[in-house]
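Under the working numbering, the first residue of the sequence shown is numbered 45, with each subsequent residue one higher. Quick reminder that beta carbons are idealized off the backbone N, C-alpha and C, glycines included. Quick caveat, the model's predicted, so the values are computed rather than measured.
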Amino acid sequence: MQIAAIMDSVFVADRCDSLREGGFTNFFVSILIVIGIMLSYVTQHYRIISRGSSEGISPYFVLLGVTSANSQFGNILTLPQSRADVACCKEVSPFECTAGLLGIVQIGMQWVCFAVILVLFLVFFRRDDDADLLDDEVERDPSQPTWRTAIGVAAMCLIHGLFVVIISAAFALGAPQHLGKWANFLGIMAAVLAAIQYIPQIWTTYLLKHAGSLSILMMCIQTPGGLLFAGSLAARLGWAGWSSWGVYVMTAIMQGILLAMAISYEWPSQEECNQSTPPQRPPYNRRTTPRVLPSPGPYSAHLQAYGETQEEIERALDRESVQGVGENQPLLAPGGLGSSGIR
């Protein structure tokens, strides 16, 4: 026990020295990553809210994403490097402490943002629960998820989150010497879940042939950002923290495949919309635009008899249009030719 305590103190001292050596470059890169994570997920939140529907987002993509985020957040909190960084905050400056904890903040921000996606997925889920229609009368698309599936996904995400919290707390309080193994287990779980997270979403997008409520802008930001994020964590944790940054390398690769699919489906649809847009009618100009009447009237049948200049012809056509309005109005209607205005 004493040897283990000595080794832990040496490890913490080494981590404190590494925090003191951290420069402003890594600090500002980490801050930019936090801001990028938040902005990228905000585009997805806005996409769902603006469309008023979560159509196009696979419930299993949400399930795997939230459980992977749960595991990843539990992993970063229980890693020996993270626990040493927290302990070093008593010995280093506030700036160095903040820089050392930004890795935890980054993963925590991602967990919160994906949890918001789960909430929006449920709020804007399309439900066929009209009380006036019987279940057998409602036609459902068998490829579309049901409300029961969405509720089941939310329940499993909640149960998994509680499981990670309870087990992590039990190891931290009762068997801290095994906390590193538990952290690696959570990291492996997060990596496996992240590796298969995009498979159901890729399949859903392939079936729909469009992105739906899936934000292309979010994927454009997160695909290169995921690689940058992984590099930032790798620089802070080293090869010993492979279970933390390796998951983001896998995620970036799978997300790049989904991004390529979404762009390939949405780009032709935009071109078709542009081609199918009818040509706009030019604005009417009294001087240059000729009048097209449905049938010759008393003036338009013999325009040469009523004027020679363009101005005279226009006045003749104006008189004809005024007479047309009077002829279409009922004689006895209020304001009509046969109305005396007295009742």
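Which listed residue (the options) has its alpha carbon closest to that of residue i
| i | options | result |
| --- | --- | --- |
| Gly67 | Leu202, Ile307, Leu303, Arg280 | Arg280 |
| Arg127 | Gln221, Met153, Ile203, Thr190 | Gln221 |
| Gln299 | Lys134, Ile246, Gly196, Val106 | Ile246 |
| His116 | Val160, Leu217, Leu277 | Per the sequence presented here, residue 116 reads as Gln, with His not at that position. Checking every option, the nearest Cα to that of Gln116 belongs to Leu277. |
| Val209 | Ile301, Thr122, Gly80 | Thr122 |
| Ala239 | His89, Val293, Leu223 | Val293 |
| Asn119 | Glu358, Ile243, Trp286 | Trp286 |
| His204 | Leu237, Ser94, Phe215 | Leu237 |
| Leu162 | Asp129, Tyr104, Ala219, Ser212 | Tyr104 |
| Asp61 | Leu217, Ser137, Leu166 | Ser137 |
| Cys141 | Ser308, Leu261, Glu65, Ser257 | Glu65 |
| Gln188 | Pro244, Ser74, Glu135 | Pro244 |
| Gly433 | Ser94, Gly270, Tyr250 | No answer is possible for residue 433: the residues shown for the chain start at 45 and end at 387. |
| Leu166 | Phe139, Ile232, Ile92, Ser259 | Ile92 |
| Gln88 | Gly256, Trp283, Tyr309 | Gly256 |
| Ala284 | Glu358, Gln125, Glu310 | Gln125 |
Per-residue burial, residue i [other beta carbons within 10 Å of its own, 16 or more giving buried]
| i | result |
| --- | --- |
| Ala296 | buried |
| Gly96 | exposed |
| His254 | exposed |
| Asp362 | exposed |
| Ile151 | buried |
| Gly218 | exposed |
| Val291 | buried |
| Phe169 | buried |
| Leu223 | buried |
| Leu206 | exposed |
| Ala227 | buried |
| Asp129 | buried |
| Leu63 | buried |
Residue i - DSSP class collapsed to helix/strand/coil
| i | result |
| --- | --- |
| Phe190 | Going by the sequence as given, residue 190 is Thr instead of Phe. Note: Thr190 maps to coil in three-state DSSP. |
| Arg325 | For Arg325, the predicted structure reports a pLDDT of 47, less than 50, and the residue's modelled location is therefore unreliable. A value from the coordinates is still provided. It is coil, neither helix nor strand. |
| Arg127 | helix |
| Ser94 | helix |
| Ile195 | helix |
| Phe168 | coil |
| Ala278 | helix |
| Val106 | helix |
| Val136 | coil |
| Gly100 | coil |
| Arg335 | Since pLDDT at Arg335 reaches only 48, below the 50 mark, its modelled position is unreliable, and the value read off the structure follows with that caveat. Of the three classes helix, strand and coil, the one that applies to Arg335 here is coil, per DSSP. |
| Ser115 | helix |
| Gly224 | helix |
| Gly67 | coil |
| Val56 | helix |
| Ser74 | helix |
| His254 | coil |
| Ala219 | coil |
| Ser259 | coil |
Rounded Cβ spacing between residue i and residue j (contact assumed at less than 8 Å)
| i | j | result |
| --- | --- | --- |
| Ala131 | Val56 | 5 Å |
| Leu303 | Thr267 | 6 Å |
| Trp289 | Ala274 | 4 Å |
| Val149 | Val78 | 6 Å |
| Met263 | Met153 | So it is not a contact: roughly 18 Å between Cβ atoms. |
| Ile265 | Ser84 | 4 Å |
| Leu164 | Ser259 | Actually they are not in contact, since the Cβ atoms of Leu164 and Ser259 sit about 11 Å apart, beyond 8 Å. |
Cβ neighbours of residue i in the same chain (closer than 6 Å, five flanking residues each side left out)
| i | result |
| --- | --- |
| Gly109 | Phe158, Gln241 |
| Val86 | none |
| Phe71 | Ala143 |
| Pro334 | Here Pro334 scores only 49 on pLDDT, less than 50, and its place in the model is too uncertain to base an answer on. |
| Ser212 | Gly118, Thr122 |
| Leu146 | Ser74 |
| Met233 | Ser115 |
| Glu181 | Its pLDDT being 40, under 50, Glu181 is placed unreliably by the model, and the measurement read from it follows with that caveat. Excluding residues within five positions, none has a Cβ falling inside 6 Å. |
| Tyr309 | Lys253, His254 |
Same chain only: Cβ atoms within 7 Å of residue i, ignoring 5 sequence neighbours per side
| i | result |
| --- | --- |
| Leu252 | Gly100 |
| Ala113 | Gln154, Trp155, Phe158 |
| Glu135 | Cys60 |
| Thr111 | Cys201, His204, Leu237 |
Contact set for residue i: own chain, Cβ-Cβ below 8 Å, skip 5 residues either direction
| i | result |
| --- | --- |
| Arg171 | Trp191 |
| Leu107 | Val197, Met200, Cys201 |
| Thr193 | Pro103 |
| His250 | With the sequence shown as reference, residue 250 is identified as Tyr, and His is not the correct amino acid for it. Taken in chain order, the residues that qualify are Met305. |
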